[in-house]
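Q:
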Amino acid sequence: MTGADHRKIARTAAAIGIATGTYGISFGVLSVAAGLTLAQTCAMSLLVFTGASQFAAVGVLGAGGSAAAAIAPALLLAGRNALYGLSLVGVLRGRPASRAAQAQLVIDETTAMARAQDDAATARFAFLTTGISVFVCWNAGTALGAVAGRGLANPAALGLDAMFPATVLVPLTAAGVPILASALGVVAGLVARRRASG
Amino acid sequence: MSWTALLLLAAGSYALKAVGPVVVGRRPMPAGAIEVLELLSIPVLAGLVAVQTLNSGGELVVDARVPAMAVAGVLVWRRAPFLVVVFAAAGTAALLRLLA
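Chains as they are written, first to last, in the numbering used here: chain A, 1 to 198; chain B, 1001 to 1100.
Here you go:
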């Protein structure tokens, strides 16, 4: 791994942080609109720290669902982090306490960045820089959105819901054709399910 | 949402993340299993991109997110900088919704 590789990874990690911070703002807005307090909104981003689950939970609460109805889909979505963590066993090194801290950073963005590297040492560097960058920005964005609250425009009107898939798409394309094939497979599955239920 | 419910969600989320790095940790895993898991994480991420682009409340929906991802795809192919890709995707979706 050269210094140039390091700098390129660090730049991408910072950019992913900026993007994540932006839709962190939209999470903060939606969360307080769904009835969570400022403290609860910030605590959720710090402690749960997995965006899709957080959006799912506040989505259910905002629609008037119970806490139990909000937790179930959120945990189901978070199940993929278990797979990511297992796939990163060779990348996440260190003492037990250090690995316990790194576990909190096991999310889509860090896994995608780690997977895009050729060797374990580079993957580890990519995981940590992306994890720290996203953690700081996601929590800062959440706090900002929660404080600004409903004063901000509707996040969807700003296209913020299109930012997350684009964020994951970029590191993923390093893997090329298998990605396109699996993405098409998912679409085929969705179509088949709609046919079956309709 | 009560604090108890919130902390339950946090504990559950962390437990899932910790299965690999903490529970398995440094224990050796069969080489085949690691290979399968590493390969599996890629289609899971790709599936996530597809679901986040096309899903709306459990329904397959084609809305402003689809052209937004098409724009992102072209920009990735043209090797545009990361932030250009991401904000162009957001801008495309925002513009189409403004016009709709």
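Every residue, glycine too, gets a C-beta built ideally from N, C-alpha and C.
From a predicted model like this one, the values you see are computed outputs, not experimental measurements.
To the nearest angstrom, report how far apart Thr1004 (chain B) and Ala57 (chain A) are at their CA atoms.
A: Going from the Cα of Thr1004 (chain B) to the Cα of Ala57 (chain A) covers about 14 Å.
Q: Closest to Leu47 (chain A) by C-alpha separation, out of A:Leu160, A:Ala101, A:Ala157, A:Ile25, would be which residue?
A: A:Ala101
Q: Count the other C-beta atoms from every protein chain shown that fall within 10 angstroms of the C-beta of Glu109 (chain A), then say buried if there are 16 or more, exposed otherwise.
A: buried
Q: Would you call Ala121 (chain A) buried or exposed, if buried means 16 or more other Cβ atoms sit within 10 Å of its Cβ?
A: Around the CB of Ala121 (chain A), fewer than 16 other CB atoms lie within 10 Å, so the residue is classed as exposed.
Q: Starting from Pro106 (chain A), trace the alpha helix (DSSP H) in both directions and tell me its first and last residue.
A: The question names Pro, but residue 106 (chain A) in the sequence shown is Val. Unbroken run through Val106 (chain A): none, as it is neither H nor E.
Q: List, in order along the chain, the chain B residues whose C-beta lies closer than 8 Å to that of Gln102 (chain A)?
A: Pro1021
Q: If you measure from the beta carbon of Leu152 (chain A) to each beta carbon in chain B, is any gap under 8 Å?
A: no
Q: Is the CB of Val1062 (chain B) under 8 Å away from at least one CB in chain A?
A: no
Q: Closer than 9 Å by beta-carbon distance: list the chain B residues that pair up with Pro73 (chain A), in chain order.
A: Simply none; closest approach about 10 Å.
Q: In terms of residue numbering, what span does the alpha helix (DSSP H) encompassing Ala43 (chain A) cover?
A: 38 to 47
Q: Between Ser133 (chain A) and chain B, is any beta-carbon pair separated by less than 8 Å?
A: no
Q: Do you know how far the Cα of Met163 (chain A) is from the Cα of Arg7 (chain A)?
A: About 24 Å.
Q: What do you reckon, are the CB atoms on Phe135 (chain A) and Phe49 (chain A) nearer than 8 Å?
A: yes
Q: My output table needs one value for Leu1116 (chain B): the three-state DSSP class, helix, strand or coil.
A: Look at the range of chain B in this structure, 1001 to 1100, and you will see that residue 1116 (chain B) is not part of it.
Q: Return the chain-ordered list of same chain residues with a C-beta closer than 7 Å to the C-beta of Thr114 (chain A), the five sequence neighbours on each side being excluded.
A: One detail in the question is off: residue 114 (chain A) reads as Ala in this sequence, not Thr. Only Leu88, Val91, Ala123, Ala126, Phe127 meet the Cβ criterion.
Q: Please go through the same chain and pick out, in chain order, the residues whose beta-carbon is closer than 6 Å to the beta-carbon of Leu77 (chain A), but skip the five residues on each side of it.
A: Ala52, Ser53, Ala56
Q: Which same chain residues, not among the five before or five after Ala1068 (chain B), have their C-beta less than 6 Å away from its C-beta?
A: Ala1089, Thr1092, Ala1093
Q: Run down chain A in chain order and give the residues with a C-beta less than 8 Å from the C-beta of Arg1065 (chain B).
A: Asp161, Ala162, Pro165
Q: Buried or exposed: Val1076 (chain B), going by 16 or more other Cβ atoms within 10 Å of its Cβ?
A: Buried: at least 16 other Cβ atoms inside 10 Å.
Q: If you run the structure through DSSP and keep just helix, strand and coil, what is Leu92 (chain A)?
A: Here Leu92 (chain A) sits in coil by DSSP.
Q: Counting only beta-carbon separations shorter than 8 Å, does Arg1078 (chain B) have a partner in chain A?
A: So, not an interface residue.
Q: Thinking C-beta only, is Trp138 (chain A) closer than 8 Å to Ser45 (chain A)?
A: Taking the C-beta atoms as reference points, Trp138 (chain A) is found nearer than 8 Å to Ser45 (chain A).
Q: Drop a sphere of 10 angstroms on the beta-carbon of Leu1039 (chain B), count the other beta-carbons inside from all chains shown, and report buried for 16 or more, exposed for fewer.
A: exposed
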